[in-house]
Amino acid sequence: MANEKKLSHKLQRYAGKIQQNRYMSAISNGLMSTLPFLIIGAFSTLFSALAWEPYQNLIAPIKGIIGLGSTMTTGIIALYAVFFIAYRLAQAFDKDPLVPAATALLSFLILTPIQTFDKVRALPLQWLGAQGLFVAMLVGLLASRLYIWIVDRNWTIKMPEGVPPTVVKTFSGLIPAILVAMAFVIVSGLFMHTSFGTVHEFIYTYLQVPLEGLGGSLGAMIVALIIMQVLWMFGIHGAIVTLAIVKPIWMSLDLANLDAFQAGAPLPNIIGLAFWYIFSNYAPMLGFALLLVFLAKSKQLRTIGKLGLPGTFFSIHEPLIFGIPVVLNPLLAIPFIVAPIVCAVLGYFATTAGLLPAPIGIYPAFGTPIFALGFIEGSWRLAAAQLLLIPVCMLIYYPFFRTLDKQALNREREAQEKSEQEGTAGAQASIVTS
Numbered sequence: 001m002a003n004e005k006k007l008s009h010k011l012q013r014y015a016g017k018i019q020q021n022r023y024m025s026a027i028s029n030g031l032m033s034t035l036p037f038l039i040i041g042a043f044s045t046l047f048s049a050l051a052w053e054p055y056q057n058l059i060a061p062i063k064g065i066i067g068l069g070s071t072m073t074t075g076i077i078a079l080y081a082v083f084f085i086a087y088r089l090a091q092a093f094d095k096d097p098l099v100p101a102a103t104a105l106l107s108f109l110i111l112t113p114i115q116t117f118d119k120v121r122a123l124p125l126q127w128l129g130a131q132g133l134f135v136a137m138l139v140g141l142l143a144s145r146l147y148i149w150i151v152d153r154n155w156t157i158k159m160p161e162g163v164p165p166t167v168v169k170t171f172s173g174l175i176p177a178i179l180v181a182m183a184f185v186i187v188s189g190l191f192m193h194t195s196f197g198t199v200h201e202f203i204y205t206y207l208q209v210p211l212e213g214l215g216g217s218l219g220a221m222i223v224a225l226i227i228m229q230v231l232w233m234f235g236i237h238g239a240i241v242t243l244a245i246v247k248p249i250w251m252s253l254d255l256a257n258l259d260a261f262q263a264g265a266p267l268p269n270i271i272g273l274a275f276w277y278i279f280s281n282y283a284p285m286l287g288f289a290l291l292l293v294f295l296a297k298s299k300q301l302r303t304i305g306k307l308g309l310p311g312t313f314f315s316i317h318e319p320l321i322f323g324i325p326v327v328l329n330p331l332l333a334i335p336f337i338v339a340p341i342v343c344a345v346l347g348y349f350a351t352t353a354g355l356l357p358a359p360i361g362i363y364p365a366f367g368t369p370i371f372a373l374g375f376i377e378g379s380w381r382l383a384a385a386q387l388l389l390i391p392v393c394m395l396i397y398y399p400f401f402r403t404l405d406k407q408a409l410n411r412e413r414e415a416q417e418k419s420e421q422e423g424t425a426g427a428q429a430s431i432v433t434s
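Throughout the sequence shown, residue numbering follows full-length UniProt numbering, covering 1 to 434 in sequence.
Set out below in structure tokens:
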């Protein structure tokens, strides 16, 4: 027990460092801030690419207009990401975030090559969408941090007293913004004299593609799930900690799928954030909750199951994790860790075998109901797969659940017997007194 507490303390300390890291938090919270735009783009893609011929004939005259919702959201998601990541980082350093965020956006555009199409100069959407996401993350952090560093050294224009605050803020951010922009102009100019031509090409080739290849593998998904579930076992919010690391990779894979879906091309990726949500995030705890409600003999477990069951349909698992509890419960460690992995493995191989389609990559909003998510991600077969995974998870949990139920039932009987004995003793004492 002492060793468990010691290990729990260490894990909580390390997880706390990850959660409190300003740069990791800026990326995670910044990407989370893009959620409204991703949802708009996802539904725009669904409405424009729904594979039903009568519907496509109906919307043919306005399909280009419907597609604007996707082009101006997911199609340029890197622009939103760089702004919000820089904004969140400036907030973390207690600085006025608007100017650093705008400066980061300017810096990103400086690094993005301008191309000529039929004598018209334009920014290519290629680097403003999923392929530019990693550059957006790096620029959002670097530009905002450089801006903060300059401000901290008071390299700003000081205004006399009595000047309106808006004017003061405008001029105080002028020199830092100019210096940051100049730094990125120099970087862009240096890359023009390399074989890559642009920072985008370099980052995409040597960072984004390798990370997507690594993070898009089944092995990476399994490792992430193990870390996530082990952290939960020690009372740490495993999803928050783990997704802070893998979300940028999985999100870029999902966006690539969404772009391919909109273009009518084969989906390039199986693994992604949507895959995790569909296959590993719902069925395990929902299956466990159903066992508690319908098969538990213990009143305590049945009550907790009834309280926790509705939330599991919406990916809310805390009532079960902390109510049973799963935390620091070695009996439930094996099914709690194994069930999500089994679901991911089954989902992956069913997809590679052609039994299931790959998720189209819609960023799922927290609380999306389990089966609705399967339909949203492109197919009724995904919703059916979610349904079939529930009994699989129930089988994984069942042997451990039976032992847990017996232990809880024995405790309840012992408590009842003790209560009856105390009641009998009290009654006898009353008789003697009288």
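The C-beta atom is built at its ideal place from N, Cα and C for all residues, glycine as well.
**Item:** Inter-residue spacing [alpha-carbon to alpha-carbon] between residue 222 and residue 257
**Value:** Counted from its first residue, the sequence shown places residue 222 at position 222. Counted from its first residue, the sequence shown places residue 257 at position 257. Between the alpha carbons of residue 222 and residue 257 lies a distance of about 21 Å.
**Prompt:** When DSSP labels each residue in this structure, what does residue 234 get in the three-state scheme?
**Reply:** Sequence index remark: in the sequence shown, residue 234 carries index 234 (1-based). Here residue 234 sits in coil by DSSP.
**Asked** Taking the runs of the beta strand (DSSP E) that are 3 residues or longer, which of them lie wholly in the stretch 182-267?
**Response** none
**Span separating the alpha-carbon of residue 48 from that of residue 361** = In the sequence shown, the residue the question calls residue 48 occupies position 48. In the sequence shown, the residue the question calls residue 361 occupies position 361. Computed Cα separation, rounded: 15 Å.
**Asked** Do residue 86 and residue 132 have their CB atoms nearer than 8 Å?
**Response** Along the sequence shown, read from residue 1 onward, the residue named residue 86 stands at position 86. Along the sequence shown, read from residue 1 onward, the residue named residue 132 stands at position 132. No, the Cβ-Cβ distance between residue 86 and residue 132 is not below 8 Å.
**Message:** Please identify the residue among 373, 339, 343 and 347 whose C-alpha is closest to the C-alpha of residue 400.
**Reply:** Within the sequence shown, the letter at position 400 stands for residue 400. Ranked by Cα distance from residue 400, the first of 373, 339, 343 and 347 is 339.
**Request:** Using beta-carbon positions only, say whether residue 138 and residue 76 come within less than 8 Å of one another.
**Result:** The residue labelled residue 138 in the question sits at position 138 within the sequence shown. The residue labelled residue 76 in the question sits at position 76 within the sequence shown. Result no, Cβ atoms of residue 138 and residue 76 do not sit closer than 8 Å.
**Request:** Check residue 93 in the structure and name its three-state DSSP category.
**Result:** Counting from one through the sequence shown, the residue named residue 93 turns up at place 93. Coil at residue 93, not helix or strand.
**Item:** Endpoints, the beta strand (DSSP E) within which residue 120 is located
**Value:** Against the sequence shown, residue 120 aligns to sequence position 120. Per DSSP, the continuous beta strand (DSSP E) segment holding residue 120 begins and ends at 120-122.
**Request:** Use the C-beta contact count for residue 193: other C-beta atoms within 10 angstroms, 16 or more gives buried, fewer gives exposed.
**Result:** Position 193 of the sequence shown, counted from the first residue, corresponds to residue 193. By the C-beta density criterion, residue 193 is exposed, having fewer than 16 other C-beta atoms within 10 angstroms.
**Asked** What first and last residue would you give for the beta strand (DSSP E) that runs through residue 313?
**Response** Here residue 313 corresponds to residue number 313 of the sequence shown, with the count starting at 1. That residue, residue 313, is in no beta strand (DSSP E); it is neither H nor E in DSSP.
**Prompt:** The beta strand (DSSP E) with residue 126 in it runs from where to where?
**Reply:** Residue mapping note: residue 126 aligns to position 126 of the sequence shown, counting from 1. Membership of residue 126 in any beta strand (DSSP E) is not indicated, and neither H nor E is assigned to it by DSSP.
**Asked** Are there 16 or more other CB atoms within 10 angstroms of the CB of residue 57, so buried, or fewer, so exposed?
**Response** To locate residue 57, count along the sequence shown from 1; it is residue 57. Around the beta carbon of residue 57, fewer than 16 other beta carbons lie within 10 angstroms, which makes this residue exposed.
**Request:** Go to residue 73, then tell me how far its beta strand (DSSP E) extends in each direction, as first and last residue.
**Result:** For the purposes of this step, residue 73 is taken as residue 73 along the sequence shown, with counting starting at 1. Per DSSP, residue 73 lies in no beta strand (DSSP E) and is assigned neither H nor E.
**Prompt:** Taking the DSSP output, what are the residues bridged to residue 115?
**Reply:** On the sequence shown, position 115 is the one that residue 115 refers to. According to DSSP, which records beta bridges pairwise, residue 115 is partnered with 122.
**Prompt:** In terms of alpha-carbon separation, which member of 379, 207, 402 and 302 lies closest to residue 278?
**Reply:** Here residue 278 is taken as the residue at index 278 of the sequence shown, counted from 1. Answer by Cα proximity: 379.
**Message:** Do residue 364 and residue 382 count as a contact pair if the criterion is CB distance below 8 Å?
**Reply:** The residue labelled residue 382 in the question sits at position 382 within the sequence shown. The residue labelled residue 364 in the question sits at position 364 within the sequence shown. No, these two residues do not count as a Cβ contact at 8 Å.
**Message:** I need the straight-line Cα distance from residue 387 to residue 40, nearest angstrom please.
**Reply:** Position 387 of the sequence shown, counting from 1, holds the residue named residue 387. Position 40 of the sequence shown, counting from 1, holds the residue named residue 40. When rounded, the distance between both Cα atoms is 27 Å.
**Terminal residues of the alpha helix (DSSP H) in which residue 53 lies** = The residue labelled residue 53 in the question sits at position 53 within the sequence shown. That run of the alpha helix (DSSP H) goes 53-59.
**Prompt:** From which residue to which residue does the alpha helix (DSSP H) around residue 169 run?
**Reply:** Against the sequence shown, residue 169 aligns to sequence position 169. From DSSP, the alpha helix (DSSP H) with residue 169 extends over 165-172.
**Asked** residue 153 by DSSP, collapsed to three states: which one?
**Response** The sequence position of residue 153 within the sequence shown is 153, counting from 1. Of the three classes helix, strand and coil, the one that applies to residue 153 here is coil, per DSSP.
**Cβ neighbour criterion (16 or more within 10 Å) applied to residue 55** = To locate residue 55, count along the sequence shown from 1; it is residue 55. So residue 55 counts as exposed.
**Asked** With C-beta atoms as the reference, is residue 107 less than 8 Å away from residue 180?
**Response** In the sequence shown, the residue the question calls residue 107 occupies position 107. In the sequence shown, the residue the question calls residue 180 occupies position 180. In contact: residue 107 and residue 180 (Cβ atoms closer than 8 Å).
**Prompt:** For residue 31, which of 247, 353 and 261 has the nearest alpha-carbon?
**Reply:** Position 31 of the sequence shown, counted from the first residue, corresponds to residue 31. Considering only alpha carbons, the answer is 247.
**Request:** Check whether the stretch 279-291 touches the stretch 309-324, counting contact only when three or more Cβ pairs, one atom from each stretch, lie closer than 8 Å.
**Result:** yes
**Asked** Hey, residue 254 and residue 272 are a contact pair by Cβ (cut 8 Å); roughly how many whole angstroms apart?
**Response** As a position in the sequence shown, residue 254 is number 254, starting the count at 1. As a position in the sequence shown, residue 272 is number 272, starting the count at 1. Sure, about 4 Å apart at Cβ, within 8 Å.
**Request:** Kindly indicate which residue of 134, 25 and 367 has the alpha-carbon position closest to the one of residue 250.
**Result:** In the sequence shown, the residue the question calls residue 250 occupies position 250. Comparing Cα-Cα distances from residue 250 to each of 134, 25 and 367, the minimum goes to 134.
**Prompt:** Which two residues bound the contiguous alpha helix (DSSP H) that contains residue 31?
**Reply:** As a working mapping, residue 31 is identified with position 31 in the sequence shown. Here the alpha helix (DSSP H) through residue 31 covers 22-33.
**Message:** By the three-class DSSP mapping on this structure, what secondary structure does residue 41 have?
**Reply:** As a first step, residue 41 must be located in the sequence shown, where it is residue number 41. In the three-state reduction of the DSSP assignment, residue 41 falls in the helix class, which pools H, G and I.
**Prompt:** Taking residue 351 as the reference, which of 270, 295, 213 and 174 has the closest Cα?
**Reply:** Residue mapping note: residue 351 aligns to position 351 of the sequence shown, counting from 1. With distances taken between Cα atoms, residue 351 lies closest to 270.
**Request:** Please classify residue 166: is it buried, with 16 or more other beta-carbons within 10 angstroms of its beta-carbon, or exposed?
**Result:** Taking the first residue of the sequence shown as 1, we reach residue 166 at position 166. With fewer than 16 other Cβ atoms within 10 Å, it is exposed.
**Message:** Using the three-state DSSP reduction, which class does residue 398 fall into: helix, strand or coil?
**Reply:** Looking up residue 398 in the sequence shown gives position 398. Of the three classes helix, strand and coil, the one that applies to residue 398 here is helix, per DSSP.
**Prompt:** Using a Cβ-Cβ cut-off of 6 Å (strictly less than) and excluding sequence neighbours within five positions of residue 53, which residues of its own chain qualify?
**Reply:** In the sequence shown, the residue the question calls residue 53 occupies position 53. Contacts found: none.
**Message:** If I measure Cβ to Cβ from residue 266 and keep anything under 7 Å in the same chain, skipping five residues before and after, which residues do I get?
**Reply:** By 1-based counting over the sequence shown, the position of residue 266 is 266. Excluding residues within five positions, the ones whose Cβ falls inside 7 Å are 260.
**Asked** Where does residue 155 land, buried or exposed, given buried means 16+ other C-beta within 10 angstroms?
**Response** Reading the sequence shown from its first residue, position 155 is the one you call residue 155. Burial call: exposed.
**Message:** Please report the distance separating the alpha-carbon of residue 196 from that of residue 219.
**Reply:** Along the sequence shown, one-based indexing puts residue 196 at 196. Along the sequence shown, one-based indexing puts residue 219 at 219. Distance between the alpha carbons of residue 196 and residue 219: 31 Å.
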